[in-house]
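Have a look at the structure below, then the notes.
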């Protein structure tokens with residue numbers, strides 16, 4: 006157990022990327038987590054910024070050895086760099102007894118697009134395939150496109166990077182659209198599109214892609230369920246998302262508390278079984294669920310008169326921000342509970 010966990014209330018670090026200047030200043034009130042810092046202070050928890058950059062990784066590693074728990078916000082790809090160095094620092098901290106959320110293992114099991122393939126048979130699953138090479142993609146994609154559009158997703162990313170909607174427009178022609186903000190639809194040869202995806206099959210990018218059937222009801226928007234451990238702590242609704250069929254650019258996400266009337270069916274399903282099914286499917290114990298994470302759901306085609314159907318689009322674990330204010334108190338309570346249990 007780390008030394009910080011043995012005396013009174015826990016000492017907690019909030020880790021997020023920044024510059025040398027940001028780290029030297031380390032002003033909680035100037036960060037995007039100011040409200041969370043205030044809530045920790047009100048609860049008697051000593052919370053401190055742990056500004057991260059690879060250039061001063063050893064400093065951050067030393068800081069983490071002195072805390073009981075670290076909450077991590079860092080994208081899979083940050084400033085062109087991947088998280089390998091940070092994950093090693095977090096792994097080392099965890100081995101020293103520091104509680105890490107989200108732990109790199111939890112990120113790997115929940116926060117990559119592989120979770121869509123692993124859970125394809127669960128109630129919120131869909132028609133999903135794993136593609137391990139460009140050669141496999143060249144053989145399988147044309148066949149699947151005969152049944153309708155597909156969405157190809159790189160192993161791990163954020164902000165729509167590496168997510169492509171593709172639709173056949175002719176025997177060897179496709180209409181494609183990248184989900185990254187600012188991207189326009191493109192007509193191109195299928196062979197050229199497949200070649201465009203080559204970087205996602207490089208080992209450092211995960212070496213494979215996930216192929217998910219397009220959901221026609223994406224025009225109805227997407228619902229994001231924010232979770233603290235295994236409890237829903239808020240919702241976000243985005244009417245116009247990155248691949249909305251009628252709008253070129255995504256719209257804002259509106260934030261709500263956990264009691265949003267239109268989402269109570271989803272909340273009940275998540276808390277009464279879906280979260281348990283999900284973590285058991287990926288081999289994650291309840292105590293290793295992140296202290297803040299979210300699930301994005303699309304609307305699926307339900308039977309007439311039946312309950313709303315939700316289809317998992319992705320899970321965000323690496324850098325869940327912003328989040329509804331309703332998440333703050335549950336996060337503080339979960340930190341106290343988990344560090345006390347440790």
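In our numbering, the protein residues as written are 6 to 347.
Ideal Cβ placement from N, Cα and C applies to all residues, glycine included.
Leaving out the 5 sequence neighbours to the left and right, which residues in its chain are closer than 7 Å to residue i when beta-carbon positions are compared?
i           : result
residue 124 : 130, 283, 286 and 317
residue 195 : 147, 177, 178 and 179
residue 109 : 92, 95 and 96
residue 322 : 107, 111, 112, 115, 116, 295 and 298
residue 332 : 231, 233, 238, 239 and 297
residue 158 : 118, 167, 168, 214, 215 and 217
Could you pull the start and end residues of the beta strand (DSSP E) that residue i belongs to?
i           : result
residue 265 : First-last for residue 265: undefined, no H or E at that position.
residue 22  : 16-22
residue 154 : Here residue 154 belongs to no beta strand (DSSP E), and DSSP marks it neither H nor E.
residue 25  : Residue 25 -> not in any beta strand (DSSP E); alpha helix (DSSP H) instead, spanning 25-30.
residue 53  : 51-57
residue 299 : 298-305
residue 314 : 314-321
Does the Cβ of residue i have 16 or more other Cβ atoms within 10 Å, making it buried, or fewer, making it exposed?
i           : result
residue 335 : buried
residue 342 : exposed
residue 148 : exposed
residue 7   : Any reading at residue 7 must be qualified, since the residue scores a pLDDT of 42, below 50, and its modelled position is unreliable; no value is offered.
residue 119 : buried
residue 299 : buried
residue 54  : buried
residue 273 : exposed
residue 190 : exposed
residue 161 : buried
residue 290 : exposed
residue 267 : exposed
residue 69  : buried
residue 142 : buried
Between which two residues does the alpha helix (DSSP H) containing residue i stretch?
i           : result
residue 103 : Per DSSP, residue 103 belongs to no alpha helix (DSSP H) and is neither H nor E.
residue 287 : 280-287
residue 148 : 139-150
residue 423 : The shown model of the chain, from 6 to 347, leaves out residue 423, and the question about it has no answer.
residue 216 : Unbroken run through residue 216 is the beta strand (DSSP E), 214-218; no alpha helix (DSSP H).
Among the candidates the options, whose CA atom is the shortest distance from the CA of residue i?
i           : options               : result
residue 98  : 74, 83 and 289        : 74
residue 1   : 217, 211 and 18       : An answer regarding residue 1 cannot be provided, because it is not within the stretch 6 to 347 covered by the chain.
residue 138 : 215, 111 and 154      : 215
residue 220 : 262, 312 and 170      : 170
residue 339 : 104, 59 and 40        : 104
residue 60  : 301, 102 and 28       : 28
residue 303 : 271, 291, 281 and 233 : 271
residue 33  : 337, 281 and 42       : 42
residue 344 : 51, 36 and 23         : 51
residue 25  : 17, 37, 18 and 57     : 57
residue 234 : 322, 17 and 297       : 297
residue 127 : 311, 275, 324 and 323 : 275
residue 250 : 181, 40 and 151       : 181
residue 224 : 144, 242 and 331      : 242
residue 252 : 259, 244 and 258      : 244
residue 36  : 152, 263 and 78       : 78
Taking 6 Å as the limit between beta carbons, can you name the residues of its chain near residue i, skipping five residues before and five after?
i           : result
residue 246 : 227 and 255
residue 165 : 184, 185 and 247
residue 327 : none
residue 280 : 235
Report the CB separation of residue i from residue j in whole angstroms; it is logged as a contact under 8 Å.
i           : j           : result
residue 329 : residue 239 : 3 Å
residue 4   : residue 76  : Missing from the structure shown is residue 4; the chain here goes from 6 to 347 and no further.
residue 348 : residue 217 : The displayed coordinates of the chain run from 6 to 347. Any statement about residue 348 would go beyond what the structure contains.
residue 80  : residue 213 : Going by Cβ atoms, the distance from residue 80 to residue 213 rounds to 20 Å, so no, they are not a contact pair.
Got a sec? Which residues, its chain only, sit under 8 Å from residue i by beta carbon, not counting five neighbours each side?
i           : result
residue 11  : Summary for residue 11: the model assigns pLDDT 41, below 50, so the residue's position carries little reliability; its value from the coordinates is reported in the next sentence. Counting only Cβ-Cβ distances below 8 Å, and skipping sequence neighbours, we find nothing.
residue 203 : 139
residue 320 : 115, 116, 120, 298, 299, 300 and 301
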